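Q:
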Amino acid sequence: MTSVPPAMRRAQILERIQRDGGVSVADLARDLTVSSITVHRDLEQLSKDGLVERVHGGARSMPAAGPPTAIPPTGWEQRAAAGRGAKATIAAHAAREVRSGSTIFLDSSSSSLALARQLVSEPATELTLVTNSPAIAYELVDERILVIVTPGELDQHMRLLAGRWTTDFLAGLNFELAFCSSAGLTLDAGLTTSRRALADVINVASANAARTIGLIDSSKFGRASLLTIARAQELDAIVTDDGLDEQTAQDYRAAGVQLEIVKT
Numbered sequence: 001m002t003s004v005p006p007a008m009r010r011a012q013i014l015e016r017i018q019r020d021g022g023v024s025v026a027d028l029a030r031d032l033t034v035s036s037i038t039v040h041r042d043l044e045q046l047s048k049d050g051l052v053e054r055v056h057g058g059a060r061s062m063p064a065a066g067p068p069t070a071i072p073p074t075g076w077e078q079r080a081a082a083g084r085g086a087k088a089t090i091a092a093h094a095a096r097e098v099r100s101g102s103t104i105f106l107d108s109s110s111s112s113l114a115l116a117r118q119l120v121s122e123p124a125t126e127l128t129l130v131t132n133s134p135a136i137a138y139e140l141v142d143e144r145i146l147v148i149v150t151p152g153e154l155d156q157h158m159r160l161l162a163g164r165w166t167t168d169f170l171a172g173l174n175f176e177l178a179f180c181s182s183a184g185l186t187l188d189a190g191l192t193t194s195r196r197a198l199a200d201v202i203n204v205a206s207a208n209a210a211r212t213i214g215l216i217d218s219s220k221f222g223r224a225s226l227l228t229i230a231r232a233q234e235l236d237a238i239v240t241d242d243g244l245d246e247q248t249a250q251d252y253r254a255a256g257v258q259l260e261i262v263k264t
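According to full-length UniProt numbering, the residues represented by the sequence shown are 1 to 264, in order.
Set out below in structure tokens:
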């Protein structure tokens, strides 16, 4: 495996801390595939540069000046609030793929949450919906939908269940459709995330699905996060909104990506 230059690794760490609000040494060591000592050195350097604040077992983003006026939103709340209109449009289009009697998987993304909300208003009945998202399970109140929540370790900041229990559970199931999203998407890196456990969950669900559909709003295109989930061409379709520029859409289609663009 090619080692990442220290400066690039520290930039990745800083991006994650700024996005998530904080991170542990153990998580960084696992996701970056480096030693805890290396992570400690990176965090010390970022702290010396005044970019992060060291805390026991990890680091967090620098506190804002003055007394806090409100509890900062979690990573999940930030994702759920971003691009609501585009995600709702994408969800309405994707819901047409779901047939009565289907067994489907929804990942823990805010795009999948938008799809779950849409399914409540759709005519499809007797659905079996499996998810690793407690937020999705909590919101789904519809007797026509059997909701199954995976076991696993709870990431309270990102509102998801992941880990060995989750992947082992999903490995024994079969899905007609698996819906997923990502933190970013490029032709070179594919669908990406900063969390290895999340990538593992999506890959297991996708491997056991007849079709996998990506729900990725246009703001995610051109962004690459730490870890690759899958190549864009490996998905049966990627649904996005019309905020995507025409040239980018042409590039993806020319590369063999099944891209579906819906009007917002």
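Where is the CB? At the ideal position from N, CA and C, for every residue including glycine.
Treat the numbers as computed from the prediction; the structure is a model and nothing was measured.
#1: Can you tell me where the beta strand (DSSP E) holding R60 begins and where it ends?
#2: So, V25 versus G50, is the Cβ gap smaller than 8 Å?
#3: Kindly indicate which residue of P134, S121, D107 has the alpha-carbon position closest to the one of R170.
#4: Using DSSP with H/G/I as helix, E/B as strand and the rest coil, what is V141?
#5: Taking just the CA atoms, how far does T38 sit from E122?
#6: Using three-state DSSP, classify R54 as helix, strand or coil.
#7: On the DSSP bridge assignment, give the partners of F169 in chain order.
#8: Between the alpha carbons of V23 and L14, how many angstroms are there, rounded?
#9: Entirely within the segment 105 to 160 and at least 3 residues each: give me those beta strand (DSSP E) ranges in chain order.
#10: Please name the residue or residues paired with V204 in a DSSP beta bridge.
#11: Would you kindly check if the distance between the Cβ of G190 and the Cβ of L229 is under 8 Å?
#12: Where does S182 fall in DSSP's three states?
#13: In terms of DSSP beta bridges, what is R211 paired with?
#14: Secondary structure at S218, three-state DSSP: helix, strand or coil?
#15: If D217 sits next to S111, beta carbons under 8 Å apart, how far is it from one beta carbon to the other, in whole angstroms?
#16: Out of I145, E153, S35, S47, point me to the one whose CA is closest to A11's CA.
#17: If we ignore side chains and look at the alpha-carbon of each, how far apart do A7 and R223 end up?
#18: Spell out the partners DSSP gives D251 in its beta bridges.
#19: Do S219 and T192 have their beta-carbon atoms positioned less than 8 Å apart in this structure?
#20: Could you give the distance in angstroms between the alpha-carbon of G152 and the alpha-carbon of T103?
#21: Who are the near neighbours of G184 in its chain, counting only those whose CB is closer than 6 Å to its CB and skipping five residues on each side?
#22: Quick one, which of T264, Y138, A91, A255 has its alpha-carbon nearest T186's?
#23: Assuming L173 and N203 make a contact with CB atoms under 8 Å, what is their CB distance in whole Å?
A: With the given structure in hand:
#1: 58 to 61
#2: no
#3: According to the sequence displayed, residue 170 carries Leu and not Arg. If we check each option's Cα against that of L170, D107 comes out closest.
#4: coil
#5: 51 Å
#6: strand
#7: According to DSSP, which records beta bridges pairwise, F169 is partnered with nothing at all.
#8: 10 Å
#9: 127 to 131, 145 to 149, 153 to 155
#10: In the DSSP output, where bridge partners are listed per residue, V204 has none listed.
#11: Going by the sequence as given, residue 229 is Ile instead of Leu. Yes, they are a contact pair.
#12: coil
#13: L177
#14: helix
#15: 7 Å
#16: S47
#17: 19 Å
#18: Looking at the DSSP assignment, D251 forms no beta bridge with any residue, so it has no partner.
#19: no
#20: 20 Å
#21: T192, K220, R223, A224, S225
#22: A255
#23: Their Cβ separation, rounded to whole angstroms, is 14 Å, which puts L173 and N203 out of contact at 8 Å.
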